[in-house]
Amino acid sequence: MKRDILPVEGITCTNCAAKIEKSVTGEYGVAACQIDFATSRMIIEWDDAKDHTKTLRAIEATMARIEPGAHFVKDETEVPTSSRLLWRFGIAFAFLLAGLYTDSFVVYGIAYVVAGYDVVYAAVRNVWHREWFDEKFLMTIATVGAIAIREYPEAVAVMLFYQLGEYFQARAVHASRRSIQSLLNMKPVIARVFEDGREVERRPEDVAVGSVIIVRAGEQVPMDGRVLRGSSSLDTASLTGESLPRQVGLGEDVLAGMINLEGRLEVRVERPAAESSLQKMIVLVEQASLNKAKTEQMITRLAKVYTPVVVVLAAVVAFVPPLFVGNLEEWVYRALIFLVISCPCALVISIPLGYFGGIGAGSRRGILVKGGEYLDVLAEVDTVVFDKTGTLTTGRFDVTAVATSGELTPDELLQLAARVEMASTHPLAKAIVEHAGPVAPFSTIQEEPGYGLMAVDGANRIYVGSARYVQKLGFPIPEETSGTIVHIVKNDRWLGRIELRDEMKEDAEQTIRTLKQYGYRTVMLTGDRQEVANTVGSAIGIDEVYSELLPHQKVAEVERLATTGKVAFVGDGLNDAAALARADVGLVMGGVGSDTAVAAADLVLMNDAPRDVVAAIELSKRTRRIVWQNITFAFGMKALFLLLGVFGLASMWEAVFADVGVALLAIGNAARLIRTK
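All residue numbers for the sequence shown refer to this note's numbering, where the first residue is -12 and numbers rise by one.
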């Protein structure tokens, strides 16, 4: 199946976007169509791989019919639709002033045509295609009705200020899109590869893992890797939102998208370009606006029935009262006011604008949200569950002691354990391998998740893992100390243990304290020993601690907690993936998190900082608050002016300003999220 991703221009209404999606999906050869409103792209899935040039022309015609001016972007330098709209407004406004001075029907007619020819044309074409009810239909009925009762200035003003509202709406949408597209435009295009003693420029996609790349001062790191030579400070704000530069030196990790501020770095590539941290961010943000929140879906569904109901009510206002009190023209005028005020623009644009404003604000802070629906759910959670290692602690373990049974020396025990642990990506395994130095792994190694590993060496079997693993195998072990312990057993003989310890993240305690102040229940689930888990839990003030859990037991605990309320789970590793997927909303430490965990989570915290859990919750609550402010404000103001219009207390001019004003205030309120620092 072929897939095209095409940039579009001129789609500023989510209701129109939904209509375009539905119409395009019915075109020949189109399997599915989605419009990514946040990034101005149309994603088309084709049934076959043929040339679809003719179908694309038909699709563009469909776009223009539903939303005049909508088209595929073929020239990056073309004048934006919003700028052309402003020119039309200026010309139409000049003719309106001339009409007020001359009281000429012809001048008013020119002003009306300049201001609203596209709206009337779209309304007529939609009626022809049996798509009767939308805001263009409302504006056309209202203005043609005003002309019919000789209210020419009002007719022009309605169309003029409707277009002004469309202009500011387009500007607001463009601003919010720019905040997201600025991230999408960060993708590196060149990597300097060190080959045969010289630097060669390559596309990142063509650079193999293991290659050495050069990053000069002022350049962007093109691929994830580890520093081989040099030291520098890196601007990480694009990935994490942190303004302070990060110092890196020999052996430290650097990520694609970071900016080298000082010296020259030689970096060994550790991930393909398609799997870099920056590319993961870009993919997540690109897909985020396709996952719509329930509130957004509700408003979209409401818009489909809202306009028909409004038209019927306007007809009732126009023709029923005159049967009893007469004066048909006066009641028709009131019905036209009713139509103008009831235009749903404020709702259908400000709600999605609020959600992807929140998504854009989060991405600048290093908090990637996979869709507006997850912001909604996060705002409703009452329990926050944390994994321990790599989430509340650094996940960078140090070997603190080695105890042996006497059969091997401490160095020999470490090297034997490292030969087994080389098959694991667990932080404990990495720490042991790094401490032991270069060793050759055993050829046959099997892992038992949550327990440990077993290697086969001829007739011998070497077991490396937790006390729970050794006890499961039926071997006795000496009394343990309070640290994190890895045991080594050969066949049926206990050879020794390795003690490791990691440090708590510096903001872990403050994060838990803040969550408790906000009234959240805090829980820690870990596979570590009870003594270690209790020490960490009491040090940072966690409410409840559950230790020595296997991955499926973590899921069971999350399910149990979810029976009493909404649960957020915060984790980082492969063994957290199931719990992240099961929780009402999953948050993953994206910088250190495994690809599986990132895929299972709903929010990705690129800064790997517990404090970003609090920031994500605050962002979700702020987004939800602004969205509901807009819904309440728009419905409240429209209800008020509808009543004033029906009782003859509002004129057409006031109706125009009420409609445009409500839309602009709602859009402006949503735009506050976009400007959130």
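C-beta atoms are modelled at their ideal positions from N, C-alpha and C, and glycine is treated no differently.
- Here the C-alpha atom of residue 350 lies approximately 49 angstroms from the C-alpha atom of residue 482.
- Relative to the Cα of residue 402, the nearest Cα in the group 389, 213, 35 belongs to 389.
- If only complete runs of 3 or more residues are kept, the segment 623 to 664 shows no beta strand (DSSP E) anywhere.
- Linking residue 115 to residue 47 through their CA atoms gives a straight-line distance of about 18 angstroms.
- Using a Cβ-Cβ distance cut-off of 8 angstroms, the segment 521 to 535 and the segment 550 to 569 are not in contact, since fewer than three pairs of beta carbons, one from each stretch, lie closer than that value.
- For residue 551, the secondary structure class from DSSP, reduced to helix, strand or coil, is coil.
- Going by beta carbons, residue 593 and residue 365 fall outside the 8 angstroms limit.
- Within the DSSP bridge table, the entry for residue 58 names -4 as partners.
- Listed as beta-bridge partners of residue 127 by DSSP are no residues whatsoever.
- The residue among 474, 420, 321 with its C-alpha nearest the C-alpha of residue 638 is 321.
- Secondary structure within the segment 381 to 431: the alpha helix (DSSP H) runs of 4 or more consecutive residues, fully enclosed, are 397 to 408, 414 to 423 (chain order).
- The C-alpha of residue 603 is placed about 45 angstroms away from the C-alpha of residue 633.
- Between the segment 101 to 111 and the segment 186 to 197, the count of Cβ pairs shorter than 8 angstroms is below three; the stretches do not touch.
- Nearest C-alpha to residue 59 among 40, 73, 76: 40.
- Going by beta carbons, residue 386 and residue 442 fall outside the 8 angstroms limit.
- Residue 538 is a Cβ neighbour of residue 565, given a cutoff of 8 angstroms.
- Contact between the segment 93 to 102 and the segment 73 to 83 is present: 3 or more CB-CB pairs across the two stretches fall below 8 angstroms.
- For residue 511 and residue 472, the gap between their C-alpha atoms comes out near 19 angstroms.
- Taking a C-beta distance under 8 angstroms as the contact criterion, residue 211 and residue 257 qualify as a contact pair.
- Out of 477, 621, 642, the CA that lies nearest to the CA of residue 327 is found in 642.
- The beta carbon of residue 649 sits closer than 8 angstroms to the beta carbons of 333, 620, 621, 624, 625 from its chain, once the five residues preceding and following it are set aside; these are given in chain order.
- Rounded to the nearest whole angstrom, the C-alpha separation of residue 261 and residue 601 is 30 angstroms.
- Going by C-alpha positions, residue 396 is about 14 angstroms away from residue 476.
- Secondary structure at residue 539: helix, using DSSP grouped into helix, strand and coil.
- Annotated as distal: residue 590 and residue 614, with beta-carbon spacing of 8 angstroms or more.
- When the alpha-carbon of residue 252 is set against those of 374, 348, 630, 201, the nearest one is in 201.
- Checking the DSSP bridge columns, you'll see residue 220 partnered with 234.
- Linking residue 596 to residue 494 through their CA atoms gives a straight-line distance of about 7 angstroms.
- With 16 or more other Cβ atoms from the protein chains shown falling within 10 Å of its own Cβ, residue 318 counts as buried.
- In terms of Cα proximity to residue 294, the closest of 126, 645, 23, 478 is 126.
- When secondary structure is reduced to three states using DSSP, residue 475 falls in the strand class.
- Residue 359 has its alpha-carbon roughly 24 angstroms from the corresponding atom of residue 263.
- Each residue's CA atom was taken as its position, placing residue 516 and residue 380 some 15 angstroms apart.
- With respect to the 8 angstroms criterion, residue 213 and residue 255 are classified as neighbours on the basis of their beta carbons.
- For residue 640, the CB contacts under 7 angstroms within the same chain, skipping 5 residues up- and downstream, are 141, 144 in chain order.
- Contact annotation: residue 78 and residue 7 have beta-carbon atoms that are not nearer than 8 angstroms.
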